[in-house]
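Here my numbering is used: the sequence shown runs in plain steps of one and ends on residue 526. Cβ atoms here follow ideal geometry from the backbone N, Cα and C, with glycine treated the same way.
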Amino acid sequence: MQTLMSIAGMFVLLAIAYLLSTDRKAINRRTIMTAFAVQVGIAGLIMFVPQGSDFLDVVVRGVQHVINFGNDGIDFVFGANTRRTLGFTIALNVLPVIVFFSALMSVLYYFGVMQWVISIVGGWLHKLLKTSHTESMSAVSNIFVGHTEAPLVVRPYLANMTQSELFAVMTGGCATIAGAVMAAYATMGVDLKYLITASFMAAPGGLLMAKMLMPETEHRDVQFDPGETGGIEKPVNIFDAIGSGAATGLTLALNVGAMLLAFVAMIGLVNGILGGIGGWFGVEDLTMQGILGLMFAPIAFVIGVPWDEALQAGSLIGQKIVVTEFYAYISFVEIKETLSPHTQVIVTFALCGFANFTSIAILLGGLGSIVPSRRKDVARLGLRAVIGGTLANLMSAALAGLFFSLQ
């Protein structure tokens with residue numbers, strides 16, 4: 120039953136994207152089918168093929184070791200006994216990991232490692248999907264950095280991008296999470312293996328949904344130059360790279376912490392008001408999470424979650440879209456053990472992306488400042504990009520649930 124629901128869910132998601140398309144006749148079926156095949160291939164290789172699973176286990180252990188090195192810095196600054204309650208862990212373990220990983224990514228960019236990886240994988244994606252060089256490179260860079268940093272990889276080309284290319288850049292950012300944030304989720308207790316898999320699946324998945332929702336109607340492509348910086352000043356040495364990366368990570372960590380503080384407090388206020396209103400009508404325990412569960416339970420069920428867990432899973436998906444994925448993952452960790460392993464997998468994939476209403480403002484502020492001439496386009500395409508990123512995340516979740524049920 121779960122297998123059939125996952126398959127049906129994929130068709131439903133594709134149908135939604137098709138119905139919302141700006142030009143259905145212009146949809147390139149080859150691009151869509153190939154992108155979907157790549158998504159299926161990644162999920163199958165890692166979740167169904169023993170050799171692929173074993174390889175990722177090695178990668179996960181390596182990444183976990185790197186995270187542990189970050190914990191050395193945390194222990195030095197805050198002390199070794201910083202892993203008590205979830206809130207304590209987030210403040211003194213999760214957010215500092217963002218600073219460490221941001222510094223690490225800055226060093227890798229300084230030595231040209233990330234540019235090399237992005238150029239190779241992005242070039243392969245371009246040839247396979249027949250998407251443009253720039254949108255392919257942006258999609259791959261989103262695997263490693265956030266949706267405000269990834270466009271910097273293609274910054275020199277943003278002003279002259281077609282509407283479809285710009286939309287693909289925005290959708291790719293909404294469909295993925297930053298590497299530093301991924302490390303933070305792993306520190307919270309989210310399965311790192313599934314986070315890595317979801318991030319790689321999101322690159323072709325984001326392009327798939329972008330090219331269905333807004334297919335290319337203008338034919339213009341430029342060669343991508345990985346050495347082009349677009350006026351961005353390169354760190355003078357490795358120490359400058361570490362410092363600038365740490366400063367960027369600190370800004371991100373403070374923003375995440377401030378948003379969590381504000382959202383948790385506001386949700387508590389909303390729940391208090393809803394509880395009072397519910398009491399007038401004899402409705403016990405009326406909360407925002409419960410309302411979101413009712414709204415999004417059908418979506419959770421369609422992508423393969425059993426109906427008896429659909430309310431919980433739907434609530435988490437709703438929290439991710441309405442609030443942030445960080446808040447949703449915190450809620451997920453708190454109830455994780457009450458869910459079946461199959462549902463845990465689906466939820467982990469469904470939440471793994473920046474597709475939420477907050478991202479519209481972040482895209483407008485980030486992309487709008489990078490290329491002011493396209494600010495109106497970014498504002499106009501923001502909500503559609505969130506929809507595209509959400510559909511990409513749900514497609515990955517349905518595929519993950521399918522292969523998990525076949526194990």
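If we ignore side chains and look at the alpha-carbon of each, how far apart do residue i and residue j end up?
i      : j      : result
ILE481 : MET378 : 12 Å
THR150 : LYS330 : 8 Å
LYS144 : LEU133 : 15 Å
VAL424 : ILE436 : 12 Å
LYS439 : ILE396 : 25 Å
ALA360 : ILE392 : 48 Å
ASN356 : MET320 : 34 Å
LEU164 : GLY398 : 51 Å
THR122 : SER524 : 6 Å
GLY484 : GLN526 : 44 Å
LEU314 : PHE400 : 42 Å
PHE188 : THR336 : 48 Å
MET226 : ILE410 : Reading off the sequence shown, one finds Val at residue 226, where the question assumed Met. Distance between the alpha carbons of VAL226 and ILE410 is about 44 Å.
VAL160 : PHE130 : The sequence shown places Gly at residue 160, not Val. Going from the Cα of GLY160 to the Cα of PHE130 covers about 17 Å.
SER434 : MET414 : 8 Å
PRO417 : LEU430 : 8 Å
LEU502 : VAL441 : 12 Å
MET280 : VAL232 : 26 Å
SER125 : VAL182 : 30 Å
THR316 : GLY520 : 13 Å
PHE451 : THR443 : 12 Å
GLN282 : THR250 : 13 Å
TYR223 : HIS338 : This sequence places Leu at residue 223; Tyr is not what is there. Roughly 38 Å between the two C-alpha positions.
ALA498 : ALA432 : 30 Å
TRP235 : ALA258 : 15 Å
On a CA-only basis, which of the options is nearest residue i? Give me that one, please.
i      : options                        : result
THR153 : ILE135, ARG499, LEU248         : LEU248
GLU254 : TYR446, GLY394, ALA287         : ALA287
LEU371 : ALA381, ALA504, SER257, GLU268 : GLU268
GLY265 : ALA447, ALA297, SER450         : ALA297
HIS184 : PHE219, GLY128, GLN408, ILE449 : PHE219
HIS252 : PHE263, VAL272, MET233, ILE262 : VAL272
ALA419 : ILE386, GLY387, VAL464         : VAL464
MET514 : ARG503, GLY472, LYS495, ASP427 : GLY472
ARG148 : ARG180, MET328, SER318         : MET328
LYS528 : HIS245, ASP176, SER125, LEU285 : No information on residue 528 is available, as it lies outside the stretch 120 to 526 that the chain covers here.
ASP427 : THR462, TYR448, GLY394, GLU444 : THR462
ILE262 : ARG499, TYR448, GLY325, LEU458 : GLY325
MET256 : MET289, MET224, GLU456, PHE174 : MET289
VAL300 : LEU373, ARG180, ALA127, ALA432 : LEU373
ILE527 : VAL177, VAL383, SER459         : Residue coverage of the chain in this structure runs from 120 to 526, which leaves residue 527 outside it and unanswerable.
GLY387 : SER363, TYR446, GLY362         : TYR446
VAL240 : PRO323, ALA365, ARG274, SER363 : PRO323
GLN158 : GLY376, LEU244, PHE358         : LEU244
ALA504 : GLY362, LYS353, LEU332         : LEU332
GLY362 : TYR229, LEU175, THR457         : TYR229
PRO215 : MET166, VAL375, GLU456         : VAL375
TYR276 : PHE522, ALA517, ARG493, MET385 : ARG493
GLU456 : ASP310, ASN390, ILE422, GLY394 : ASP310
PRO334 : ILE146, GLU453, ASN390, ALA517 : ILE146
Does any C-beta atom of chain C lie closer than 8 Å to the C-beta of residue i?
i      : result
TRP399 : The structure shown contains no chain C; it holds only a single protein chain.
Let me know the secondary structure DSSP gives residue i once reduced to three states.
i      : result
VAL402 : coil
LEU244 : helix
PHE219 : helix
ALA360 : helix
ASN147 : coil
GLY508 : helix
LYS353 : coil
LYS312 : helix
MET333 : coil
ASN261 : coil
LYS439 : helix
SER255 : helix
GLY231 : coil
ALA474 : coil
THR457 : helix
SER318 : helix
GLY423 : coil
MET129 : helix
THR295 : coil
GLU444 : helix
MET289 : helix
MET414 : helix
LYS249 : coil
GLU268 : coil
Mind the definition here: the region 392–407 touches the region 461–470 only if three or more C-beta pairs lie below 8 Å; say whether that holds.
no
Between the region 131–139 and the region 498–511, can you find at least three pairs of beta-carbon atoms closer than 8 Å?
yes
Any chance the region 472–480 sits against the region 291–302, with 3 or more Cβ pairs inside 8 Å?
yes
Pairing CB atoms from the region 302–314 with CB atoms from the region 485–503, are three or more of them under 8 Å?
no
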